[in-house]
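Since the structure comes first, as structure tokens, the remarks are kept for the end.
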Amino acid sequence: MNLRTPFKDIEGLGSAKSGTDHFLHQRLTAIANVPLVIFLVWFVISHLGASRADVVTSVHNPFNAILLVLSFVSILWHMRLGMQVVIEDYVHGHVAKVAMLLANAFFTAALGVAALYAIFKMSFGA
Amino acid sequence: MIEPKPVVRPLSPHLQIYRPMLSTMMSIMHRLTGIALYVGIVLLVWWLTAAATSDIYFDRVQAFFFHWLGRLVLFGFTWALVHHALGGLRYFVWDSGRGYNLATVEWMVRANVVGSIVITLLLWFTGCGVMT
Chain W
0 MNLRTPFKDI
10 EGLGSAKSGT
20 DHFLHQRLTA
30 IANVPLVIFL
40 VWFVISHLGA
50 SRADVVTSVH
60 NPFNAILLVL
70 SFVSILWHMR
80 LGMQVVIEDY
90 VHGHVAKVAM
100 LLANAFFTAA
110 LGVAALYAIF
120 KMSFGA
Chain G
0 MIEPKPVVRP
10 LSPHLQIYRP
20 MLSTMMSIMH
30 RLTGIALYVG
40 IVLLVWWLTA
50 AATSDIYFDR
60 VQAFFFHWLG
70 RLVLFGFTWA
80 LVHHALGGLR
90 YFVWDSGRGY
100 NLATVEWMVR
110 ANVVGSIVIT
120 LLLWFTGCGV
130 MT
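From first to last, the protein sequence lines are chains W and G. Residue numbers 0 to 125, in numbering that gives the first Met the number 0, belong to the letters of the first sequence in order. Residue numbers 0 to 131, in numbering that gives the first Met the number 0, belong to the letters of the second sequence in order.
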């Protein structure tokens, strides 16, 4: 019979040094998302029905390109953190949980690379 | 070796025990809209990559968004975005240690519902104005 409490396993090991990282990054990106999403909504609305040439011309403007890059980095980072919590809350099988956390990391990274590639391509040439 | 007896501890009452309240629903909606936005942003990335690809492809993507189904999805996306953003502002207020009395909580969650609908409609009216 094991009388060890969980506390005994971690006693004296010190902190994990990352306890509040998740929360801080979540709120940091949340704050950044407020102005960035307003910009993004404005950008999309002002290009409704626009031709491809119009969109390319807009993204050619460094101001727009930089704000678009910031938007996608901040939003996708925020998304990854949020989905991580959802997975940790609802997926209890170890293998399934790890697989979904990996999928979450890859999905957000892939979307980020796709968005940034498109922005850079339009901004630098095309 | 004696097997340890599983300890049967009382569980605290869970969600389904309580009467659903607006603040509870809004907490759930915040998470659901977040999940919807997680999927929905694919459309935005699709639109951008199409703009970086070719005229033909871009026109095809635009055509999808102008189709009634595309519009419906975008309308839902807009509402989820506004709802989640306003909900986020609510959490900023709570982070600052304010807005915890029941009247304020009730007021804020109601403002969240009404605000999300009003702002979504305003954005779509603006969008229709841009189109014509």
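The C-beta atom is built at its ideal place from N, Cα and C for all residues, glycine as well. Remember, predicted model here, so these are calculated numbers, not experimental data.
- CA-to-CA, the gap between residue 113 of chain W and residue 51 of chain G works out to about 10 angstroms.
- The beta-carbon of residue 3 of chain W is placed no less than 7 angstroms from the nearest beta-carbon of chain G.
- When 7 angstroms is used as the limit between beta carbons, residue 7 of chain W is near no residue of chain G, the shortest such separation being about 16 angstroms.
- A contact between stretches requires three or more CB pairs, one per stretch, nearer than 8 angstroms, and the segment 10–29 of chain G meets this requirement with the segment 81–91 of chain G.
- The alpha-carbon of residue 118 of chain G is positioned some 12 angstroms away from that of residue 40 of chain W.
- A Cβ-Cβ contact shorter than 7 angstroms links residue 28 of chain W with residue 73 of chain W.
- Of all residues in the segment 19–41 of chain G, only 30, 33, 34, 36, 37, 40, 41 place a beta-carbon less than 8 angstroms from a beta-carbon of chain W.
- Residues of the segment 94–105 of chain W whose Cβ lies closer than 8 angstroms to any Cβ of chain G: none.
- Proximity of chain W to residue 107 of chain G at the Cβ level (cut-off 9 angstroms) is not reached, the minimal Cβ distance being about 16 angstroms.
- Using a CB distance cut-off of 7 angstroms, residue 96 of chain G does not count as an interface residue toward chain W.
- If you look at residue 13 of chain W, you'll find it isn't in any alpha helix (DSSP H); DSSP assigns it neither H nor E.
- Proximity of chain W to residue 92 of chain G at the Cβ level (cut-off 7 angstroms) is not reached, the minimal Cβ distance being about 13 angstroms.
- If the five residues before and after residue 107 of chain G are omitted, its C-beta is found closer than 8 angstroms to the C-beta atoms of 89, 92, 98, all from its own chain and listed in chain order.
- Interface criterion met: the Cβ of residue 110 of chain W is under 7 angstroms from a Cβ in chain G.
- Residue 64 of chain G and residue 71 of chain G do not touch by the CB rule: their CB atoms are close to 11 angstroms apart, not below 8 angstroms.
- Shown here, residue 60 of chain G sits in a helix according to DSSP, grouped into three states.
- Against chain G, the CB of residue 29 of chain W has a partner CB under 7 angstroms away; the residue lies at that interface.
- Contact holds between the segment 97–109 of chain W and the segment 70–85 of chain W, because three or more Cβ pairs, one in each stretch, are under 8 angstroms apart.
- Look at residue 115 of chain G here: in three-state DSSP terms it is helix.
- Taking all protein chains shown into account, residue 52 of chain W has fewer than 16 neighbouring C-beta atoms within 10 Å of its C-beta and is therefore exposed.
- By the CB criterion at 7 angstroms, residue 79 of chain G and residue 35 of chain G fall inside the cutoff.
- DSSP, reduced to helix, strand and coil, places residue 4 of chain W outside both helices and strands of the structure shown, so it counts as coil.
- For residue 122 of chain W, the number of other beta carbons within 10 angstroms of its own is at least 16, and it is reported as buried.
- Put simply, the CB of residue 44 of chain W is near chain G, with a gap under 7 angstroms to one of its CB atoms.
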